[in-house]
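There are 2 protein chains.
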Amino acid sequence: MAGLRERKKEQTRQRIAAVAWRLFAERGFEAVTVNEIAEAAEVAKATLFAYFPTKESLALQGVGDDDLAGIVSRRPAGQSPLAALRAHFRALAAGPMAGFDPEVLVSRIRVIFDSPTLSAAANALLYEQRQQLAEALKAEAEAIRDEGGQRDSGGRRDSSGRGDSGGRGEMAAVLMAAQISASLVTLQEAFFRRLADGASLDDARQQLAEDVELAFSLLADGLEPHTDHSTTPHTDHSSTPHTDHRARPSRD
Amino acid sequence: MAGLRERKKEQTRQRIAAVAWRLFAERGFEAVTVNEIAEAAEVAKATLFAYFPTKESLALQGVGDDDLAGIVSRRPAGQSPLAALRAHFRALAAGPMAGFDPEVLVSRIRVIFDSPTLSAAANALLYEQRQQLAEALKAEAEAIRDEGGQRDSGGRRDSSGRGDSGGRGEMAAVLMAAQISASLVTLQEAFFRRLADGASLDDARQQLAEDVELAFSLLADGLEPHTDHSTTPHTDHSSTPHTDHRARPSRD
DNA sequence: CACAAAAATCAGACCGGGTTCATTTTCAGG
DNA sequence: CCTGAAAATGAACCCGGTCTGATTTTTGTG
Chain S
1 MAGLRERKKE QTRQRIAAVA WRLFAERGFE AVTVNEIAEA AEVAKATLFA
51 YFPTKESLAL QGVGDDDLAG IVSRRPAGQS PLAALRAHFR ALAAGPMAGF
101 DPEVLVSRIR VIFDSPTLSA AANALLYEQR QQLAEALKAE AEAIRDEGGQ
151 RDSGGRRDSS GRGDSGGRGE MAAVLMAAQI SASLVTLQEA FFRRLADGAS
201 LDDARQQLAE DVELAFSLLA DGLEPHTDHS TTPHTDHSST PHTDHRARPS
251 RD
Chain L
1001 MAGLRERKKE QTRQRIAAVA WRLFAERGFE AVTVNEIAEA AEVAKATLFA
1051 YFPTKESLAL QGVGDDDLAG IVSRRPAGQS PLAALRAHFR ALAAGPMAGF
1101 DPEVLVSRIR VIFDSPTLSA AANALLYEQR QQLAEALKAE AEAIRDEGGQ
1151 RDSGGRRDSS GRGDSGGRGE MAAVLMAAQI SASLVTLQEA FFRRLADGAS
1201 LDDARQQLAE DVELAFSLLA DGLEPHTDHS TTPHTDHSST PHTDHRARPS
1251 RD
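Chains S and L, in that order, give the protein sequences.
Note that the working numbering gives residue 198 to position 198 of the first sequence, counting from 1, and the numbers run on in steps of one.
Note that the working numbering gives residue 1069 to position 69 of the second sequence, counting from 1, and the numbers run on in steps of one.
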């Protein structure tokens, strides 16, 4: 069945999205009301909201669609999650950007950056990605623990029923996920900002490539220079907040 | 002069906040309308909004007030920013939590966690902190570069007018800030979640202490430790099992 | 004490995003 | 065609938030 209905539906959806984007690009997100959009697209407001749950969703189509969790869980055997992500972003920075019309891309970026509401909403989407990535990493950690035949360290399993936020290894996974996706978000944001500021697509891409290396180096090797203070006896109970390792605050 | 005006104002403000919190705790954030709050507090809606800019702000008073940037910029000489933050959070986990009534604290946390809107808003506040931290770290990086003798990397300073997002060292600073504050947010969230799930304040605090060490280890040493000190020479000394936070890349 | 400026409060209209619902249109299959 | 379901409609409605202009309260001064 060809589905005339389906076709018309998709057509309407497209029309609404297109009209909305034209208006947003012309006058900015906040200055356009959903009533206007509906009117211009010749649908009722209720119909519009049947297609798009919120006004933001009209402007943020396809944002946050990268499947970070998938990249991790579908990575080739023997590769660390971090390496998989690094490879992915390397390829992204090198590749042809999958047929993005820079015109359109920049226009979308501008609209989003110019609206605090939209920026926040976009950020929230990225935040969800982070949650998924955390899940994937958590799964990794558990798989490794099970496979490696880890001895029960300390005896107590998490008996807290929830099982979600008790385990120690899970905390590490969540922390890693947080660091990683914070870095990725930062990379994306820097890339987009350069484009919005008028850089050419190639320039932006090259700088992105550099930033990718930088970001993953920081992630893999840590923020402090490589003095081996990792075996410093933490958890000393003398609460003197004086730390003895004089480290240069930043790598250059 | 005593300022009767000021006193009454503050009094009204308190009354509104108190009433709002009572209602939120009773029925949840979303189920309470601002009209109700205003009515219960015996003020006009306009008055309420003269005191609090949004409904969220009624529930999020004092959230995100930690001054991470200040901790970094006011740290003792010779201490790395990361070390300063670690010390701060160590002290926080050890200290008396500055007179928090756990009852009240847990109630607030529950209300926030139970409302997606509020959680998102709280997150946005943390995000602002992150921006400030990034600024502080950026300032650090520049200070060190200036002090440490400057060679020109590529010649011109920011010629792009904006001057915000050009430098290479700035990218590192921003990335570090992103990683750090992502970790800190994760720590806070885990701490609060445990409280919300019924853990005692002391338990939560102790677990927080562990998590702080874990988080800063990951930050300082990286997620992918090349030097294999997993066969650690020193036996675990702390009262609680120190977790192996190393995610082994091998997954065949 | 009086009194006028300044500040606070108020009720109510208004706006925009979003939902609800009863009614009508549009399509598919027999 | 006819009929039943999916989809579209428009109008009323809710809620958060702003605006307006009128009314009250506080305060500093003469």
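C-beta atoms are modelled at their ideal positions from N, C-alpha and C, and glycine is treated no differently.
Because the structure is a prediction, the values reported are computed rather than measured.
Specify the secondary structure class of residue i as computed by DSSP and reduced to three states.
i          : result
Phe1052(L) : coil
Met1176(L) : helix
Gln1061(L) : coil
Gln188(S)  : helix
Phe1100(L) : coil
Val111(S)  : helix
Val1043(L) : coil
Arg74(S)   : coil
Thr1033(L) : coil
His1229(L) : Unreliable positioning characterises His1229(L) in this predicted model, as indicated by a pLDDT of 44, which lies under 50. The coordinate reading is nonetheless provided below. Correct three-state label for His1229(L): coil.
Gly1169(L) : helix
Gln14(S)   : helix
Ser1080(L) : coil
Ser153(S)  : Residue confidence for Ser153(S) is low, a pLDDT of 47 falling below 50, so the modelled location carries little weight and cannot support an answer.
Quick test of your reading: residue i and residue j, contact by CB under 8 Å. State the CB separation rounded to the nearest angstrom.
i          : j          : result
Val1043(L) : Ile1071(L) : In fact, because the Cβ distance is near 38 Å, the residues do not count as touching under 8 Å.
Met176(S)  : Leu1223(L) : 5 Å
Leu219(S)  : Leu133(S)  : Not quite, the Cβ-Cβ distance comes to about 13 Å (not below 8 Å), so this is no contact.
Ala136(S)  : Ser73(S)   : 5 Å
Leu214(S)  : Met1171(L) : 6 Å
Gln1131(L) : Gln179(S)  : At roughly 17 Å, the Cβ-Cβ gap does not stay under 8 Å, so Gln1131(L) and Gln179(S) are not in contact.
Leu1048(L) : Val1032(L) : Contact doesn't hold; Cβ gap of about 12 Å is too wide.
Pro1081(L) : Glu1140(L) : 6 Å
Val1174(L) : Thr54(S)   : In fact, because the Cβ distance is near 30 Å, the residues do not count as touching under 8 Å.
For residue i and residue j, what's the separation of their Cα atoms in angstroms?
i          : j          : result
Asp114(S)  : Lys138(S)  : 36 Å
Val1019(L) : Glu1039(L) : 10 Å
Glu142(S)  : Asp65(S)   : 26 Å
Leu1118(L) : Tyr127(S)  : 15 Å
Phe89(S)   : Gly95(S)   : 10 Å
Glu56(S)   : Gln11(S)   : 20 Å
Phe1216(L) : Ala1083(L) : 9 Å
Leu1060(L) : Trp1021(L) : 10 Å
Gln1129(L) : Leu1085(L) : 13 Å
Gln281(S)  : Gly78(S)   : Because chain S in this structure spans residues 1 to 252, residue 281(S) falls outside the shown range and cannot be described.
Thr231(S)  : Glu210(S)  : Confidence at Thr231(S) is low in this model, with a pLDDT of 46, below 50, so the placement of that residue should be treated as unreliable; the coordinate-derived value is given next. Looking at the two C-alpha atoms, the distance is approximately 32 Å.
Leu1184(L) : Asn1123(L) : 12 Å
Ile37(S)   : Val1111(L) : 36 Å
Asp1202(L) : Ser1181(L) : 24 Å
Asp188(S)  : Lys1045(L) : The amino acid at residue 188(S) is misidentified as Asp; the sequence shows Gln. Each residue's Cα considered, the two are about 41 Å apart.
Gly3(S)    : Ala50(S)   : 19 Å
Glu6(S)    : Gly62(S)   : 21 Å
His1108(L) : Pro1102(L) : Sequence check: residue 1108(L) is Arg here, not His. Cα to Cα, Arg1108(L) sits roughly 10 Å from Pro1102(L).
Leu208(S)  : Asp197(S)  : 14 Å
Ala25(S)   : Pro1225(L) : 47 Å
Phe1191(L) : Gly1169(L) : 33 Å
Arg1193(L) : Met1097(L) : 16 Å
Val212(S)  : Ile144(S)  : 27 Å
Lys9(S)    : Leu23(S)   : 21 Å
Gly1028(L) : Pro1116(L) : 11 Å
Val106(S)  : Phe1052(L) : 36 Å
Pro233(S)  : Phe1100(L) : With a pLDDT of only 44 at Pro233(S), under 50, the local geometry of the prediction cannot be trusted, and no value is derived from it.
Asp221(S)  : Ala87(S)   : 17 Å
Leu1058(L) : Arg1013(L) : 10 Å
Glu30(S)   : Glu1030(L) : 24 Å
Ala1120(L) : Val1104(L) : 21 Å
Ala41(S)   : Leu125(S)  : 26 Å
>> Going residue by residue through the region 1198-1223 of chain L, where are the continuous alpha helix (DSSP H) segments of at least 4 residues, counting only ones entirely within it?
In response: Here the runs fully enclosed are 1201-1221.
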